[in-house]
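Everything below concerns the one structure shown next.
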Amino acid sequence: MSRRLITTGSPFEKAFGYSRAVVQDPFVFVAGTTGYDYATMELPEDAADQARNCWRTIDKVLREAGASLADVVRATYYVTDPAHAEPVLRVCGEVLAEIRPASAILIVAGLLRPEMKVEIEVTAMRQA
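Sequential numbering from 27 applies to the sequence shown in this note's numbering.
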């Protein structure tokens, strides 16, 4: 079984010793992804906009891994304030409306940087 590492070029990946995703057939494990636009390293203020950026990054990584959002079987959402939960979940509902993976949302004390309001991690199972 081969193992393939996928990066987005985020400075966090190399500095902190992790990959954006690991492909271990038939699974794709996508690391916790925050709402940065990794091309510009800009982070929107709004939690829902951060969630949209998370999904854009996750979608791109899954495609690079030979999978798609339709292959997501588990999703975990982390938000730093209960007030962010519903706006973030609405975005998740837009993205995953027909996919409906097993999921959980956790309210956490904080993420790596105080401006980060949401982090999303997923596991996908590629179809043969």
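Glycine included, every Cβ here is placed at the ideal spot set by N, Cα and C.
- The shortest CA-to-CA distance from PRO52 to any of VAL105, ARG139, THR102, SER94 is the one to SER94.
- For LEU132 and MET67, the gap between their C-alpha atoms comes out near 25 Å.
- Distance from the CA of VAL49 to the CA of ALA135, rounded to the nearest whole angstrom, comes to 30 Å.
- Three or more beta-carbon pairs separated by less than 8 Å are not found between the segment 73 to 81 and the segment 37 to 45, which leaves the two stretches without contact.
- Burial of GLY61 is indicated by the presence of at least 16 other C-beta atoms within 10 angstroms of its C-beta.
- Sequence-distant partners of ALA77 (beyond 5 residues in either direction) whose C-beta falls short of 6 Å from its own C-beta, in its chain, are VAL114, VAL117, VAL144.
- Of the other Cβ atoms in all chains shown, 16 or more fall within 10 Å of the Cβ of ASP97; this residue is therefore buried.
- Here DSSP, grouped into helix, strand and coil, assigns ILE125 to coil.
- Apart from the 5 residues on each side of it in sequence, THR102 sits with its Cβ closer than 6 Å to the Cβ of ALA130, GLU147 in its chain, given in chain order.
- A distance of 9 Å or more separates the beta carbons of THR149 and THR83.
- The shortest C-alpha to C-alpha distance from LEU137 to any of ARG152, ALA111, TYR104, GLU112 is the one to TYR104.
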